[in-house]
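A.B. asks: Structure provided below as structure tokens; questions to follow.
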Amino acid sequence: SLTKGQSLVLTTDYSFKGDSNKLACSYPSLSTSVTPGQSILVADGSLVLTVLSCDTASNEVTCRVENTCSIGERKNMNLPGVVVDLPTLTEKDISDITEWGIPNEIDFIAASFVRKAADVHKIREILGPDNQGIKIICKIENQEGLENYDEILEATDGIMVARGDLGMEIPPEKVFLAQKMMIRKANIAGKPVITATQMLESMIQNPRPTRAECSDVANAVLDGTDCVMLSGETANGEHPTAAVKIMAETCCEAESAVNFNSLYQAVRNSSLNQYGNLSTSESIASSAVKTAIDINAKGIIVCSESGSTAQQVAKFRSGRPVIVLTQSERVARQCFGVMKGCKARVLPSLEATDKIVAEEIEALTKKGEAKTGDAIVVVFGQSSRKGATNTMRIQYA
73 SLTKGQSLVL TTDYSFKGDS NKLACSYPSL STSVTPGQSI LVADGSLVLT
123 VLSCDTASNE VTCRVENTCS IGERKNMNLP GVVVDLPTLT EKDISDITEW
173 GIPNEIDFIA ASFVRKAADV HKIREILGPD NQGIKIICKI ENQEGLENYD
223 EILEATDGIM VARGDLGMEI PPEKVFLAQK MMIRKANIAG KPVITATQML
273 ESMIQNPRPT RAECSDVANA VLDGTDCVML SGETANGEHP TAAVKIMAET
323 CCEAESAVNF NSLYQAVRNS SLNQYGNLST SESIASSAVK TAIDINAKGI
373 IVCSESGSTA QQVAKFRSGR PVIVLTQSER VARQCFGVMK GCKARVLPSL
423 EATDKIVAEE IEALTKKGEA KTGDAIVVVF GQSSRKGATN TMRIQYA
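Under the working numbering, the first residue of the sequence shown carries the number 73, and numbering increases by one thereafter.
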């Protein structure tokens with residue numbers, strides 16, 4: 073237990089067993105990274121320390137405790153405004169990827185504290201040429217990551233707006249601006265974005281969220297996020313099922329307030345402003361979404377070998393189910409629930425397009441998701457190879 077006003081020494085000798093006067097931390101460059109007067113935030117900001125002096129010879133930093141707090145071991149530590157001298161991937165991270173992740177055919181790697189595009193390239197290098205199907209989601213958690221956001225976005229497959237650590241690294245009143253900026257740019261790039269941490273934080277203990285938390289979830293949806301994510305609420309909370317249920321209900325309610333026609337126009341215009349023109353497959357995806365909105369189609373069926381066409385259709389925000397038909401189980405998992413509005417089904421082959429599309433429309437009718445005579449928009453390629461999407465048509469149930 074630490075008392076407000078007392079002195080506390082932080083040592084980088086991690087073998088030291090800490091007490092109320094001295095604690096060990098695992099960051100070896102601490103004494104050279106901080107300067108007197110700077111703040112150190114421990115355990116998501118529940119303990120605030122002010123640096124008094126730095127002893128580089130003994131690798132110790134003396135701090136003043138700014139609030140009374142009891143603290144356990146292995147808590148996180150944030151150094152606001154400091155460019156941290158640490159690799160993005162530790163040796164353990166690399167062995168986890170190569171010895172466990174790749175053999176177990178993982179779908180995603182969520183990389184913490186990504187600070188520059190080189191971090192993403194390093195992960196791709198570790199994955200090797202045979203495992204490029206594993207998608208990388210970059211968690212943006214500090215000032216450096218925000219400053220290099222454009223280059224990170226270009227290199228990555230998806231973004232996670234990790235507000236918990238971000239709120240430690242930048243002033244908390246600026247987190248909402250960072251969130252909106254990151255979501256908007258990811259939407260224009262057509263890359264999925266996840267909004268995470270502290271969304272329904274009070275439900276770790278309480279059976280109901282606060283009104284502010286529900287508004288936070290809804291605003292993330294209105295900002296344009298593809299996914300919202302729970303962490304502590306389901307990992308160690310007392311009401312995990314209730315948290316998922318109320319989050320899903322809030323998302324559905326927020327989506328019902330969206331004008332998808334206006335949203336489509338905004339995404340398309342922003343894309344043209346940013347990139348000048350659309351690729352062939354992106355143009356087909358844009359046309360498919362516009363057509364679906366105009367004729368009030370009940371859904372969009374996408375035949376997608378690699379998932380990229382599905383991603384482009386999801387980008388334009390149709391506001392109706394997107395059913396992805398693919399041969400790859402990994403692609404199906406990477407589309408389902410991650411890309412906005414997408415569901416997926418794995419088929420043995422995509423060769424007989426007419427037949428598999430007709431079967432899928434019949435299945436939709438049987439499930440009550442479409443009635444006889446309802447329009448369905450179909451997007452596919454004349455051949456089933458990757459990158460061949462060139463056709464959009466309307467079929468009727």
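Virtual Cβ for every residue (Gly too), placed ideally from N, Cα, C.
A quick note: this is a predicted structure, and the numbers were derived from the prediction, not measured.
#1: DSSP three-state label for H381, please.
#2: I believe L161 touches I206 by the beta-carbon criterion, under 8 Å. Please report the beta-carbon distance rounded to the nearest angstrom.
#3: According to the Cβ coordinates, are A382 and V449 closer than 8 Å?
#4: Along the chain, where does the alpha helix (DSSP H) containing M301 start, and where does it finish?
#5: If we count the other Cβ atoms within 10 Å of its Cβ and call it buried at 16 or more, is T75 buried or exposed?
#6: Would you report the Cα separation of T128 and T134, rounded to the nearest angstrom?
#7: Return helix, strand or coil for D157, following the three-state DSSP convention.
#8: In chain order, which beta strand (DSSP E) runs of at least 3 residues are fully inside the stretch 261 to 307?
#9: List the whole-angstrom C-beta distance separating P420 from Q399, where the pair is believed to meet the contact cut-off of C-beta under 8 Å.
#10: Decide if the stretch 343 to 363 is in contact with the stretch 377 to 395; the criterion is three or more beta carbon pairs, one per stretch, under 8 Å apart.
#11: Give the range of the beta strand (DSSP E) segment to which S125 is assigned.
#12: Does the separation of the CB atoms of S79 and R136 fall below 8 Å?
#13: Measuring alpha carbon to alpha carbon, tell me which residue in P264, K188 and A284 is nearest S273.
#14: Where S353 and M149 are concerned, what is the direct C-alpha to C-alpha distance, given to the nearest angstrom?
#15: What's the C-alpha gap between Q277 and H311?
#16: Please state if the CB of L119 and the CB of C141 are separated by a distance shorter than 8 Å.
#17: Put N131 into one of helix, strand or coil per three-state DSSP.
#18: Could you name the residues that DSSP lists as bridge partners for F452?
#19: May I have the straight-line CA-CA distance separating S125 from N93, to the nearest angstrom?
#20: So, at 6 Å on beta carbons, what are the nonlocal neighbours of R417 in its own chain, with the 5 sequence-adjacent residues on each side left out?
#21: How far does the beta strand (DSSP E) with I195 in it extend, from its first residue to its last?
#22: Note down, in chain order, each residue of its chain lying with its Cβ closer than 7 Å to the Cβ of A326, except the 5 sequence neighbours on either side.
#23: Going by CA-CA distance only, name the one from D116, I143 and S98 that's closest to D91.
#24: Hey, out of D298, K164, L151 and A115, whose CA is closest to T104's CA?
#25: Determine whether the beta carbon atoms of S470 and I260 lie at a separation below 8 Å.
#26: Between I266 and V316, how many whole angstroms is the CB-CB distance? I'm expecting something under 8 Å.
#27: If we require 3 or more residues per run, which beta strand (DSSP E) segments fall completely within the stretch 203 to 231?
#28: Taking the continuous beta strand (DSSP E) assigned at V394, which residues delimit it?
#29: Can you tell me which of the three DSSP states R340 falls into?
#30: Please list the terminal residues of the continuous beta strand (DSSP E) segment that includes R405.
#31: Between which residues of its own chain and K89 is the CB-CB distance below 8 Å, once the five residues before and five after are set aside?
C.D. replies: Looking at the coordinates:
#1: The count along the sequence shown starts at 1 and reaches residue 381 at position 309. One detail in the question is off: residue 381 reads as Thr in this sequence, not His. Of the three classes helix, strand and coil, the one that applies to T381 here is helix, per DSSP.
#2: The sequence position of residue 161 within the sequence shown is 89, counting from 1. The sequence position of residue 206 within the sequence shown is 134, counting from 1. In fact, because the Cβ distance is near 14 Å, the residues do not count as touching under 8 Å.
#3: Along the sequence shown, read from residue 1 onward, the residue named residue 382 stands at position 310. Along the sequence shown, read from residue 1 onward, the residue named residue 449 stands at position 377. No, they are not a contact pair.
#4: Reading the sequence shown from its first residue, position 229 is the one you call residue 301. That residue, M301, is in no alpha helix (DSSP H); its beta strand (DSSP E) goes C299 to M301.
#5: What you label residue 75 is simply residue 3 of the sequence shown in a count that begins at 1. T75 comes out exposed.
#6: Counting from 1 along the sequence shown, the entry for residue 128 is found at position 56. Counting from 1 along the sequence shown, the entry for residue 134 is found at position 62. Looking at the two C-alpha atoms, the distance is approximately 11 Å.
#7: Sequence index remark: in the sequence shown, residue 157 carries index 85 (1-based). Coil, per DSSP.
#8: Within the stretch 261 to 307, complete beta strand (DSSP E) segments of at least 3 residues are found at 265 to 268 and 299 to 301, given in chain order.
#9: To locate residue 420, count along the sequence shown from 1; it is residue 348. To locate residue 399, count along the sequence shown from 1; it is residue 327. Rounded to whole angstroms, the Cβ separation of P420 and Q399 is 7 Å, and the two are in contact under 8 Å.
#10: At 8 Å Cβ cutoff, the stretches touch.
#11: The residue you call residue 125 lines up with position 53 of the sequence shown. Going by DSSP, S125 is part of the beta strand (DSSP E) stretching over L119 to D127.
#12: Your numbering for residue 79 matches position 7 in the sequence shown. Your numbering for residue 136 matches position 64 in the sequence shown. In this structure, R136 lies closer than 8 Å to S79 by Cβ.
#13: Counting from 1 along the sequence shown, the entry for residue 273 is found at position 201. Per the sequence shown, the amino acid found at residue 273 is Glu instead of Ser. Selected option, being the one with the closest Cα: A284.
#14: Taking the sequence shown and counting its residues from 1, one reaches residue 353 at position 281. Taking the sequence shown and counting its residues from 1, one reaches residue 149 at position 77. Cα to Cα, S353 sits roughly 45 Å from M149.
#15: To locate residue 277, count along the sequence shown from 1; it is residue 205. To locate residue 311, count along the sequence shown from 1; it is residue 239. Between Q277 and H311, the C-alpha separation is close to 7 Å.
#16: Here residue 141 refers to the residue found at position 69 when the sequence shown is read from its first residue. Here residue 119 refers to the residue found at position 47 when the sequence shown is read from its first residue. Between C141 and L119, the C-beta gap is smaller than 8 Å, which places the two residues in contact.
#17: For the purposes of this step, residue 131 is identified with residue 59 of the sequence shown, where counting begins at 1. The answer is coil: DSSP assigns N131 none of H, G, I, E or B.
#18: Numbered from its first residue, the sequence shown carries residue 452 at position 380. Secondary-structure assignment with DSSP links F452 through a beta bridge to T463.
#19: In the sequence shown, counting from the first residue as 1, residue 125 sits at position 53. In the sequence shown, counting from the first residue as 1, residue 93 sits at position 21. The alpha-carbon of S125 is positioned some 15 Å away from that of N93.
#20: Within the sequence shown, numbered from 1, the residue matching residue 417 stands at position 345. For R417, where only same-chain residues beyond five positions count, the Cβ hits under 6 Å are L397.
#21: Counting from 1 along the sequence shown, the entry for residue 195 is found at position 123. Taken as a continuous stretch (DSSP letters only), I195 belongs to no beta strand (DSSP E), being part of the alpha helix (DSSP H) at A189 to L199.
#22: Within the sequence shown, the letter at position 254 stands for residue 326. Cβ within range, chain order: A290, V293 and L294.
#23: For the purposes of this step, residue 91 is taken as the residue at position 19 of the sequence shown. Minimum Cα distance to D91 is reached at I143.
#24: Against the sequence shown, residue 104 aligns to sequence position 32. The shortest C-alpha separation from T104 is found at L151.
#25: This structure gives no information on residue 470, because the portion of the chain shown stretches from 73 to 469.
#26: The residue you call residue 266 lines up with position 194 of the sequence shown. The residue you call residue 316 lines up with position 244 of the sequence shown. The C-beta separation of I266 from V316 comes to about 15 Å, leaving the pair out of contact by the 8 Å criterion.
#27: Runs found: 207 to 212.
#28: For this step, residue 394 is matched to residue 322 along the sequence shown. Start and end: V394 to T398.
#29: Residue numbering aside, residue 340 sits at position 268 when the sequence shown is read from its first letter. In the three-state scheme derived from DSSP, where H, G and I count as helix and E and B as strand, R340 is classed as helix.
#30: Numbered from its first residue, the sequence shown carries residue 405 at position 333. Segment E401 to C407 is the alpha helix (DSSP H) holding R405; no beta strand (DSSP E) there.
#31: Within the sequence shown, the letter at position 17 stands for residue 89. So the qualifying residues of the chain are A96.
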